[in-house]
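Data block below; observations after.
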Amino acid sequence: MSLWQGRFKEGTDRLVQEFTSSIAVDRKLYKYDIMGSIAHTKMLAKCGIISSKEANKIIQTLEAIQKDIQSGRLTLDGKEDIHLGIEEEIIRRLGKTGEKLHTARSRNDQIALDERLYLRDEIGQILDLIVDFQKTHFHLAKCYSEVILPGYTHLQYAQPILLSHYFLAYFWMLQRDKERLKSCLERVNVMPLGAGALAGTSLPIDRDYVADLLDFPKITENSVDTVSDRDYLLEFLGASAVLMMHLSRLSEDLILWSSSPFGFIEIRDAFATGSSLIPHKKNPDVAELIRGKTGRVYGSLMSLLTVMKGLPLSYNRDMQEDKLPLLETVEIVRESLRIYTQMLKNIRINAEQMEKEAREGFFASTDLVDYLVQRGVPFREAHQLLGRIVRHCLKTERRFEDLSLEEYRRFSSLFEKDLFERMKLEECVFTKESAGGTGKRSLKIQMELAKQRLEETI
Ligand code: ARG
Numbered sequence: 209m210s211l212w213q214g215r216f217k218e219g220t221d222r223l224v225q226e227f228t229s230s231i232a233v234d235r236k237l238y239k240y241d242i243m244g245s246i247a248h249t250k251m252l253a254k255c256g257i258i259s260s261k262e263a264n265k266i267i268q269t270l271e272a273i274q275k276d277i278q279s280g281r282l283t284l285d286g287k288e289d290i291h292l293g294i295e296e297e298i299i300r301r302l303g304k305t306g307e308k309l310h311t312a313r314s315r316n317d318q319i320a321l322d323e324r325l326y327l328r329d330e331i332g333q334i335l336d337l338i339v340d341f342q343k344t345h346f347h348l349a350k351c352y353s354e355v356i357l358p359g360y361t362h363l364q365y366a367q368p369i370l371l372s373h374y375f376l377a378y379f380w381m382l383q384r385d386k387e388r389l390k391s392c393l394e395r396v397n398v399m400p401l402g403a404g405a406l407a408g409t410s411l412p413i414d415r416d417y418v419a420d421l422l423d424f425p426k427i428t429e430n431s432v433d434t435v436s437d438r439d440y441l442l443e444f445l446g447a448s449a450v451l452m453m454h455l456s457r458l459s460e461d462l463i464l465w466s467s468s469p470f471g472f473i474e475i476r477d478a479f480a481t482g483s484s485l486i487p488h489k490k491n492p493d494v495a496e497l498i499r500g501k502t503g504r505v506y507g508s509l510m511s512l513l514t515v516m517k518g519l520p521l522s523y524n525r526d527m528q529e530d531k532l533p534l535l536e537t538v539e540i541v542r543e544s545l546r547i548y549t550q551m552l553k554n555i556r557i558n559a560e561q562m563e564k565e566a567r568e569g570f571f572a573s574t575d576l577v578d579y580l581v582q583r584g585v586p587f588r589e590a591h592q593l594l595g596r597i598v599r600h601c602l603k604t605e606r607r608f609e610d611l612s613l614e615e616y617r618r619f620s621s622l623f624e625k626d627l628f629e630r631m632k633l634e635e636c637v638f639t640k641e642s643a644g645g646t647g648k649r650s651l652k653i654q655m656e657l658a659k660q661r662l663e664e665t666i
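The opening position of the sequence shown corresponds to residue 209 in our numbering, with each subsequent residue numbered one higher.
The structure is reproduced here in structure tokens:
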């Protein structure tokens, strides 16, 4: 018999019981459910709705139940959900006193509280993990400030850049991921309890007191909104989808870089996997799985958006389907960040190979355009002119440095001997001194800015 069975003449069909139960998923929230119930009980006593003696008994029993769930003595198997599972147990242990726990509360505001408490904790952990990951990027940027690699657009070699600059690119993406989650946390960190089923309650409760006990800076303003919306979860899923997209792109780079035509990095044995058939294979499975799991996080965002889109206010049972996408996403994001930080520390950079590739092709073409622009040639004209020089090189199967000054001067009399200095690989990189560019001085400023961000408290 369920606690809500009063108005029913017959028991619930087994199929319905099983179909409506969410305990397999929401049991993970037990700690938060009990934390919320303890605060709620304290408030009921403070407001004179139950006696302090009753409150003490309920709190002690809740604590005992928590221990029993933790140790596995109490499984809650077959219960409808975590809230009813715990409430039924407290009534079993305390009788009439236990029946007072759910006063001035509904499972609708209770689940909102559990989810907010849970997510608040998890976002805190995820933020710490992002910082660790940023630190790893920062460290790599510091170590490889001399290494030049080919920079790509359209996966075609475009311009050479410093490897540090590349790692810092991800540093800033992670910085924005962190900011998005911090901002989302402000909306998560609001106390919903006291909304009741949807209308509030006629009993003299004190919601601010519950907020104080649970360390929430504020309470929700509207009881209907409180039990209806899950936008704070959607924001988290959205921020997670973007974060995973960043991790997935990094994975793609590392997978390409570790493949044989590139050979830019090697993933150390402990962080790679083998093939069951091909003996020589060493595969980047961790990076591939992170790329794959990104799809699941996108799916979670889509699934909850779709669950919510047609719901009339206020609470609807459809919303129970928010748990799996939320819990799965938290786990994927947490575990991906954790393993990625370690994996990134376990790659060997093949600086020689990067530089060798960086010297291929016409890497100096834009630098030679700039050379002419600095001597007064309009940009478009200089661009056309370099295009013709490239064509000439391709036709005669030579590179920029193979042409003589006389040949260059046939294209433009503005070319001087210093041209050959200007087309050197290092020169092409180090002269990109615009703010945020890959030049050495710009990079130093960027490192300083990144360091400041790392020193900020999250
Ligand atoms: N298990 C439910 C959920 O996750 C709790 C709220 C149920 N409320 C209700 N009125 N049936 O959404």
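We put the CB at the ideal spot given by N, CA and C, even for glycine.
- Between V494 and A253, the alpha-carbon positions lie close to 52 Å from each other.
- Distances from the CA of Q383 to each of L335, D461, E563 were compared; the closest alpha carbon is that of L335.
- In this structure, the CA atom of F379 is about 7 Å from the CA atom of F346.
- Of the residues R313, V355, V233, L651, the one whose Cα lies closest to the Cα of A405 is R313.
- Look at R525: its beta carbon is less than 8 Å from one of the heavy atoms in ligand 1.
- With contacts defined by Cβ atoms closer than 9 Å, Q528 and D221 do not form a contacting pair.
- Contact between V396 and L327 holds: CB atoms are separated by about 5 Å, below the 8 Å threshold.
- DSSP places R661 inside the alpha helix (DSSP H), whose first and last residues are 648–663.
- With a minimum length of 3 residues, the unbroken runs of beta strand (DSSP E) contained wholly in the stretch 354–384 fall at 356–361, 364–370.
- Secondary structure in the stretch 485–512: no beta strand (DSSP E) run of 3 residues or longer lies completely within the stretch.
- A buried status is given to K250, since no fewer than 16 other beta-carbon atoms sit within 10 Å of its beta-carbon.
- Exclusion of the five residues before and after R324 leaves V396 as the residues of its chain whose Cβ lies within less than 6 Å of its Cβ.
- In the DSSP annotation of this structure, the continuous segment of the alpha helix (DSSP H) that includes R596 starts and ends at 587–604.
- In the structure shown, T220 adopts coil according to DSSP, grouped into three states.
- Uninterrupted alpha helix (DSSP H) stretches at least 4 residues long and entirely within the stretch 230–268 occur at 231–234, 238–254, given in chain order.
- DSSP, read as helix, strand or coil, puts E615 in helix.
- Annotation for I294: the continuous alpha helix (DSSP H) segment containing it runs 290–302.
- Proximity of the stretch 536–552 to the stretch 451–471 meets the contact definition, three or more beta-carbon pairs being nearer than 8 Å.
- At least one heavy atom of ligand 1 is found less than 8 Å from the C-beta of E288.
- Relative to the non-hydrogen atoms of ligand 1, the Cβ of Q528 comes within a distance shorter than 8 Å of at least one.
- In the structure shown, M631 falls within a coil segment according to DSSP collapsed to helix, strand and coil.
- Apart from sequence neighbours up to five positions away, the residues of its chain that approach C601 with a beta-carbon distance below 8 Å are F570, R607, F608, D610, L611, ordered along the chain.
- Three or more beta-carbon pairs drawn from the stretch 624–631 and the stretch 557–576 are found closer than 8 Å, and the two stretches are therefore classed as touching.
- Short note on K531: C-beta closer than 8 Å to some heavy atom of ligand 1.
- The three-state secondary structure of I413, taken from DSSP, is coil.
- Following the DSSP letters along the chain, one finds E539 inside the alpha helix (DSSP H) bounded by residues 531–553.
- Classified as exposed, F587 has fewer than 16 neighbouring CB atoms from the shown chains inside 10 Å of its CB.
- In terms of Cα proximity to L521, the closest of E330, F341, T434, R301 is T434.
- Taking a 10 Å sphere around the C-beta of D575, we find 16 or more other C-beta atoms and assign the residue as buried.
- Around the beta carbon of P533, 16 or more other beta carbons lie within 10 angstroms, which makes this residue buried.
- Looking at the backbone, the Cα of K239 and that of L512 are separated by about 24 Å.
- Going by C-alpha positions, I475 is about 11 Å away from Q550.
- By the CB criterion at 9 Å, F619 and L593 fall inside the cutoff.
- DSSP places T305 in the helix class (H, G or I) of the three-state scheme.
- V339 counts as buried, since at least 16 other C-beta atoms from the protein chains shown sit within 10 angstroms of its C-beta.
- Comparing C-alpha distances from K564 to each of G293, R300, P469 shows the shortest one belongs to P469.
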